[in-house]
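Participant: Chains as they are written, first to last, in our numbering: chain V, 147 to 500; chain G, 147 to 500; chain W, 147 to 500.
1) For residue 461 (chain W) and residue 479 (chain W), what's the separation of their Cα atoms in angstroms?
2) According to DSSP, residue 297 (chain G) sits in a beta bridge with which residue or residues?
3) Look up residue 394 (chain V) in the DSSP assignment and say whether it is helix, strand or coil.
4) With a threshold of 6 Å on Cβ separation, who are the neighbours of residue 167 (chain G) within its own chain once the five nearest residues in sequence on each side are excluded?
5) For residue 363 (chain W), count neighbouring Cβ atoms within 10 angstroms of its own Cβ and tell me buried if that reaches 16, exposed if not.
6) Hey, does residue 193 (chain G) have any beta-carbon neighbour from chain V nearer than 8 Å?
7) Is the shortest distance between the beta-carbon of residue 196 (chain G) and the beta-carbons of chain V less than 8 Å?
8) Check whether the stretch 159–177 of chain W and the stretch 480–490 of chain G are in contact - that is, three or more C-beta pairs closer than 8 Å.
9) Taking 8 Å as the threshold (beta carbon to beta carbon), is residue 472 (chain G) in contact with chain V?
10) Name the DSSP beta bridge partners of residue 365 (chain W), please?
11) Would a C-beta distance cut-off of 8 Å place residue 283 (chain W) and residue 304 (chain W) closer than the cut-off?
12) Using three-state DSSP, classify residue 459 (chain W) as helix, strand or coil.
13) Give the DSSP-derived three-state secondary structure of residue 360 (chain V) in the structure shown.
14) Sort G:301, G:400, G:343 by Cα distance to residue 317 (chain G) and report the nearest one.
15) Which runs of the alpha helix (DSSP H) fall wholly inside the stretch 178–258 of chain V and span at least 4 residues, in chain order?
16) Report the residue from G:338, G:447, G:300 whose alpha carbon sits nearest the alpha carbon of residue 325 (chain G).
17) Return helix, strand or coil for residue 152 (chain G), following the three-state DSSP convention.
18) Got a sec: is the Cβ-Cβ distance from residue 202 (chain G) to anything in chain V below 8 Å?
19) Consider the Cβ of residue 466 (chain W): report whether some Cβ of chain G lies at a distance smaller than 8 Å.
20) Does DSSP put residue 271 (chain G) in a helix, in a strand, or in coil?
21) Name, please, each residue of chain G whose Cβ falls closer than 9 Å to the Cβ of residue 265 (chain W).
22) Are the Cβ atoms of residue 356 (chain G) and residue 389 (chain G) separated by less than 8 Å?
23) Residue 179 (chain V) touches chain G at which residues, Cβ-Cβ below 9 Å?
24) Pick from V:386, V:376, V:381: whose alpha carbon is nearest that of residue 368 (chain V)?
25) Report the neighbours of residue 477 (chain G) on chain V: residues whose CB is nearer than 8 Å to its CB, in chain order.
26) Does DSSP put residue 431 (chain G) in a helix, in a strand, or in coil?
27) Quick check: is the beta carbon of residue 276 (chain W) nearer than 8 Å to any beta carbon in chain V?
28) Whole-angstrom Cβ separation of residue 188 (chain G) and residue 244 (chain G), contact assumed at under 8 Å?
29) For residue 190 (chain G) and residue 309 (chain W), I'd like the C-alpha separation in whole angstroms.
30) Smallest Cα separation from residue 372 (chain W): which of W:468, W:306, W:428?
31) Check for me: the beta strand (DSSP E) holding residue 389 (chain W) runs from which residue to which?
32) What residue range does the beta strand (DSSP E) around residue 499 (chain G) cover?
33) Check whether the Cβ atoms of residue 432 (chain G) and residue 239 (chain W) sit closer than 8 Å, and answer yes or no.
34) Determine the contact status of residue 198 (chain G) and residue 268 (chain G), defining contact as a CB-CB distance below 8 Å.
35) Short check: CB of residue 391 (chain V) to CB of residue 414 (chain V), under 8 Å?
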């Protein structure tokens with residue numbers, strides 16, 4: 147539990163511990179208002195994400211800690227002419243924990259290689275965003291009382307949504323969950339996610355319409371449908387209504403349904419749904435603060451981290467993903483996990499043959 | 147006193163309480179250095195206003211509280227593709243008090259409709275800026291010892307200056323104040339402000355020259371004269387000297403005169419005046435911090451606020467002010483106060499016939 | 147020790163006290179975690195310098211203090227239409243210490259004229275950056291155990307590097323130091339620095355190659371070589387290899403050598419050198435935080451500062467340096483030190499005949 151780069155790297159028990167701690171903090175926040183006194187978090191946002199940043203900041207401040215950092219690559223002299231390594235080496239010398247958001251895949255892993263303190267991945271491009279998944283799990287647990295045996299619908303752009311992929315992966319680690327995958331054909335879930343579901347002995351159903359499946363669901367996880375993902379504006383206009391959640395569709399759902407959304411929404415949930423007690427997406431955002439409090443508190447108490455010893459075997463092997471951080475920061479050693487004749491890049495998870 | 151949107155909504159006793167508390171804090175700041183411990187202010191600045199923001203931040207930090215927020219609409223992902231409601235719902239879930247600055251009229255009121263914690267209006271376009279008025283009142287009280295029976299000159303652009311309008315309105319709630327309105331004809335005070343003065347049984351005098359009236363004044367409230375308000379550059383150059391305060395004009399004023407300015411100044415007060423002990427505009431800015439401490443401390447101690455119950459009668463009536471927040475955020479319910487056959491918009495104070 | 151504008155203004159004993167205090171803080175940081183409780187630093191960065199700003203912020207927060215400020219001249223309303231004087235008057239009324247970075251020479255001195263609290267110069271254009279020099283001294287003392295009798299190489303752009311000039315000046319105040327000045331002819335050290343070395347009875351050697359002199363050195367202070375300083379791209383490409391520090395050159399150096407760099411680096415130190423224990427530039431950055439803690443703590447405890455009384459003799463004499471702050475902010479009084487028939491500008495150190 148040195149760093150949080152990929153939630154799947156963590157044993158399930160560690161995930162459970164964070165969720166339990168978040169619950170305790172939420173119930174008795176005053177008991178935790180000094181646990182990070184004298185500690186500093188660096189919030190290094192190489193791309194703006196105000197909501198995520200404010201959630202982390204509020205979390206650290208509510209623990210009695212302090213925050214420094216930057217939020218704007220354009221104005222920051224950091225991002226001009228300085229490599230990631232130097233920034234991480236310096237800033238991790240000033241602070242006790244790093245929260246890193248960077249649009250390049252694998253950048254959080256790269257930061258963890260050089261950091262003198264724990265690193266939390268707050269989003270590395272289209273790759274991973276593990277604290278979102280943690281807060282989604284907490285929301286399910288809090289609202290449904292269990293992470294097992296749930297009928298969970300995912301609606302929207304299931305092809306490109308890392309949030310969806312990550313939550314499905316996490317939920318397959320629990321028992322008896324059933325997934326309803328609601329999208330257009332063009333935005334359907336990737337094959338490898340279906341494989342993961344199959345391998346976990348969970349089940350899934352792919353459907354094209356929200357209306358037909360909503361009566362079944364315990365959970366409906368809505369996501370943004372981006373116009374530019376459709377083949378034409380006409381297609382977008384025809385299809386989007388099928389995927390917009392409104393009062394009329396809510397009327398067909400169970401009383402116990404809970405509607406989640408990672409936010410921000412555009413128009414995939416009508417404003418009229420906000421007043422429905424089954425809409426929990428604003429609560430979900432607040433839960434996120436408590437989950438991040440639990441995470442920061444647990445990670446910051448660890449001993450100072452020695453530099454990762456980088457074994458030599460694959461250090462000169464290049465990653466084949468053109469968006470991998472190793473393509474931009476050329477001094478980074480190759481790091482791969484070998485599996486048969488496949489190498490998986492430890493930065494960005496791209497796979498290649500040896 | 148749930149929110150501070152418009153100072154005139156507050157009973158005079160509440161205003162007095164804030165001014166008294168500000169005085170106590172200024173005299174014994176150490177007594178208050180922990181009263182907001184464990185509390186967080188969100189400083190949501192949809193347009194930059196560094197001075198106001200720093201004043202609020204310093205105020206909260208001096209109370210032992212903490213601050214998160216944003217200051218830059220361009221870099222903030224918040225302002226892209228997310229409506230005001232969602233931002234307010236989420237951020238007010240992280241924090242204990244919101245300070246909102248937004249260039250759209252009525253936006254602070256709109257924020258208060260959805261916030262889970264108290265909202266302070268730190269300026270909503272040309273509409274209101276109540277904490278400026280509070281600090282102006284505090285300055286008058288501190289420097290003159292009373293808010294009654296004062297001869298107050300306002301000089302500069304009296305047509306467009308919300309600061310001036312707001313302070314006049316506030317001063318008409320006290321007894322025996324006389325107003326001297328010093329401006330060009332084109333920049334004269336609006337008619338409705340003169341009505342307010344008349345209705346309050348106060349008196350006013352409109353003059354075109356600062357020099358002729360300065361010997362009378364107890365207070366001179368200077369404001370910026372913006373070049374672009376004049377009909378031509380020539381007219382500007384001819385007129386501006388009449389409205390610039392310099393040593394020569396100061397020599398004609400009473401020893402007890404106090405010169406105020408909301409700052410920033412451009413060149414309407416000559417630098418040479420700064421060393422005159424009657425110039426209190428820098429002190430006025432510092433008073434502002436103490437007033438904001440009093441305000442934040444008083445408001446934050448309130449109970450959590452339930453969602454405003456929005457009555458249905460006028461919720462579908464549109465506001466006729468094209469700059470009203472309800473024109474931009476179309477989901478906002480119409481909120482009006484009925485007075486005879488007039489409806490006054492509760493967001494932006496625009497009036498319309500039923 | 148009211149302000150820190152130019153390190154050479156300070157008695158050597160004050161410098162020694164700061165270095166000793168920094169050492170104590172580094173050894174027992176917990177003893178200092180509350181010494182600035184209730185105090186606020188304003189971090190006024192008129193040009194972005196994220197690393198310096200984060201170092202100051204971390205320093206203040208680790209002392210239990212708080213920070214407000216701005217980091218971005220473009221977005222800040224402060225820098226639009228408000229003179230330096232007004233900003234300093236107002237902000238120093240909110241806070242207990244100012245850290246000012248401004249690209250205009252002499253601006254830190256100008257700030258100190260109007261500030262109600264101590265001012266630290268965090269860089270005023272090409273003029274001075276005294277906290278960098280303090281942290282360089284601390285690094286030498288920490289890594290070599292002494293500031294006397296050292297053989298110090300400076301490599302890179304010695305003509306334009308204020309960091310180099312400043313550290314040489316500071317090191318000539320100690321005994322028996324020898325300077326090795328490694329640069330191209332076009333980027334050679336200015337004559338007046340050589341005069342300072344001579345006057346202090348220290349010695350220097352100018353060389354064109356790093357390789358020939360590296361075996362002699364106790365300290366190697368590397369600096370950036372900016373492409374645009376060379377007469378042509380061809381010349382740059384030919385010369386730069388001579389000044390790049392790599393493993394091969396490190397192999398010729400003493401075991402006791404210490405390599406410093408003010409950071410950020412571009413490519414004048416090869417990444418492969420980072421793992422050499424003699425490379426201390428990352429430690430140097432962390433030392434900087436402790437030095438700034440010592441500085442802030444020492445300066446903030448002073449009494450409130452009265453306005454500097456500006457004597458009249460030279461107040462109408464203009465400075466001849468076109469980049470001096472007095473050229474931009476025309477209300478600033480001329481301040482000069484007279485020496486024979488020479489006047490030295492107290493803002494920017496430009497000299498002129500009477």
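Cβ coordinates follow ideal geometry from the N, Cα and C atoms, glycine included.
Facilitator: The answer reads as follows:
1) For residue 461 (chain W) and residue 479 (chain W), the distance between alpha carbons rounds to 5 Å.
2) Bridge partners of residue 297 (chain G): G:324.
3) Correct three-state label for residue 394 (chain V): helix.
4) For residue 167 (chain G), where only same-chain residues beyond five positions count, the Cβ hits under 6 Å are 440.
5) Buried, because 16 or more other Cβ atoms sit within 10 Å of the Cβ of residue 363 (chain W).
6) Residue 193 (chain G) does not count as touching chain V.
7) Closer than 8 Å to the CB of residue 196 (chain G) there is not a single CB belonging to chain V.
8) Between the stretch 159–177 of chain W and the stretch 480–490 of chain G there are fewer than three C-beta pairs closer than 8 Å, too few to call the two in contact.
9) Answer no: the Cβ-Cβ gap between residue 472 (chain G) and chain V never drops below 8 Å.
10) Among the bridge pairs identified by DSSP, residue 365 (chain W) is matched with W:298, W:404.
11) No; because the gap between Cβ atoms is not below 8 Å, this pair is not in contact.
12) DSSP, read as helix, strand or coil, puts residue 459 (chain W) in coil.
13) When DSSP states are grouped into helix, strand and coil, residue 360 (chain V) belongs to the helix group.
14) Its Cα nearest to that of residue 317 (chain G), the residue G:343 stands out among G:301, G:400, G:343.
15) The stretch 178–258 of chain V contains these whole alpha helix (DSSP H) runs: 196–208, 230–240.
16) Ranking G:338, G:447, G:300 by Cα distance to residue 325 (chain G) puts G:300 first.
17) Judged by DSSP in its simplified three-state form, residue 152 (chain G) adopts coil rather than helix or strand.
18) For residue 202 (chain G), no CB of chain V lies under 8 Å from its own CB, so it is not counted at the interface with that chain.
19) Residue 466 (chain W) does not count as touching chain G.
20) It is coil, neither helix nor strand.
21) Here the premise fails: no neighbours, minimum Cβ distance about 16 Å.
22) Remark: C-beta atoms of residue 356 (chain G) and residue 389 (chain G) approach each other more closely than 8 Å.
23) In chain order: 183, 184.
24) Among V:386, V:376, V:381, the Cα nearest to that of residue 368 (chain V) is on V:386.
25) The answer, in chain order, is 417.
26) Looking at residue 431 (chain G) - three-state DSSP - the assignment turns out to be helix.
27) With 8 Å as the cut-off, residue 276 (chain W) does not count as an interface residue toward chain V.
28) Indeed, because the Cβ distance is near 5 Å, the residues count as touching under 8 Å.
29) When rounded, the separation of the alpha-carbon atoms in residue 190 (chain G) and residue 309 (chain W) is 39 Å.
30) The candidate whose alpha carbon is nearest that of residue 372 (chain W) is W:306.
31) Here residue 389 (chain W) belongs to no beta strand (DSSP E); instead the alpha helix (DSSP H) covers 379–389.
32) Counting along the chain, the beta strand (DSSP E) containing residue 499 (chain G) begins and ends at 497–499.
33) Taking 8 Å as the Cβ cut-off, residue 432 (chain G) and residue 239 (chain W) qualify as a contacting pair.
34) With contacts defined as CB atoms closer than 8 Å, residue 198 (chain G) and residue 268 (chain G) qualify as a contacting pair.
35) Going by C-beta atoms, residue 391 (chain V) is nearer than 8 Å to residue 414 (chain V).
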